[in-house]
Amino acid sequence: YFSDFAEINNNLEEVLAEADYLSLHIPLLPDTKGFFNKDKIAHCKAGAYLINTSRAGVVEEKDVVAALKEGRLAGYATDVWPSDPPPWDSPIFSAPNTLFTPHIGASTVENMVRIAKIADDIIGEYVRSNESLSGVSS
Numbered sequence: 001y002f003s004d005f006a007e008i009n010n011n012l013e014e015v016l017a018e019a020d021y022l023s024l025h026i027p028l029l030p031d032t033k034g035f036f037n038k039d040k041i042a043h044c045k046a047g048a049y050l051i052n053t054s055r056a057g058v059v060e061e062k063d064v065v066a067a068l069k070e071g072r073l074a075g076y077a078t079d080v081w082p083s084d085p086p087p088w089d090s091p092i093f094s095a096p097n098t099l100f101t102p103h104i105g106a107s108t109v110e111n112m113v114r115i116a117k118i119a120d121d122i123i124g125e126y127v128r129s130n131e132s133l134s135g136v137s138s
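At position 48 of the sequence shown the residue is numbered 48 (the numbering used here), and the sequence of numbers has no breaks.
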C-alpha cells in the first residue's frame, strides 16, 4: 500500500533538495548528535519546513536559527528541548516562523488507560508466577 502514494529514496541529499516538509524521527545517539546542521540545511529545498519531534540534540539549533533568519528554512516546529525547562533566552525563541509545543504526545486519556493495563498485566503475571514480564527484577 505504501507504494501507492509514496516512494523510498535512500539518497538523503535528493530528499532534502525535494522535500517541502522534513520531519525528524531519529534517536539521539553519538552518530546522530547534531545530525541536522548547516551542511544538511545547505542541501534543503529553499523554503522547506523542519519538524523535530525526536530529540533536541539531533538538531544544531544555531544552524536552524541562522537558516530561519536567512529565509533558507520557512519554518521550524519542535516539542523537544536541550534541557528541561528549556533555556528561555535561547535565540530559537526569537527566530521567525517557529512553533513550540509541549512534549506530551503520550499524555492522553487513552494512553494512560493503556499504560495502566500494561502495569496491571505485569503485576498480575508476577503475582501468579513470581516472574517479571518486564525484565525488571528485585
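Note that beta-carbon positions come from the ideal geometry of N, C-alpha and C, so glycine has one too.
Handout entry: Inter-residue Cα distance where the pair is residue 44 and residue 77
Key = Between the alpha carbons of residue 44 and residue 77 lies a distance of about 16 Å.
Handout entry: For residue 110 and residue 121, the rounded distance between their alpha carbons
Key = Near 17 Å, if we compare the C-alpha coordinates of residue 110 and residue 121.
Exercise for the section: Would you identify the three-state DSSP class for residue 124, choosing helix, strand or coil? Expected result: Three-state result, residue 124: helix.
Handout entry: Rounded straight-line distance, which links the Cα of residue 97 to that of residue 115
Key = Taking the straight line from one Cα to the other gives about 36 Å.
Handout entry: Classification of residue 40 by the beta-carbon crowding that lies within 10 angstroms, buried from 16 upward
Key = By the 10 Å Cβ count, residue 40 comes out buried.
Exercise for the section: Measure the alpha-carbon distance for residue 101 versus residue 53 and round it to whole angstroms. Expected result: Computed Cα separation, rounded: 10 Å.
Exercise for the section: Could you spell out where the alpha helix (DSSP H) holding residue 17 opens and where it closes? Expected result: Residue range 12-18 is occupied by the alpha helix (DSSP H) that includes residue 17.
Exercise for the section: Pick out the complete beta strand (DSSP E) segments inside the region 78-116, 3 residues or longer, and give them in chain order. Expected result: Segments of the beta strand (DSSP E) lying fully in the region 78-116: 98-100.
Problem - Residues near residue 21 by beta carbon distance below 6 Å, same chain, minus five either side - result: These residues qualify, in order along the chain: 49.
Exercise for the section: Going by DSSP, name the residue or residues bridged to residue 36. Expected result: According to DSSP, which records beta bridges pairwise, residue 36 is partnered with 59.
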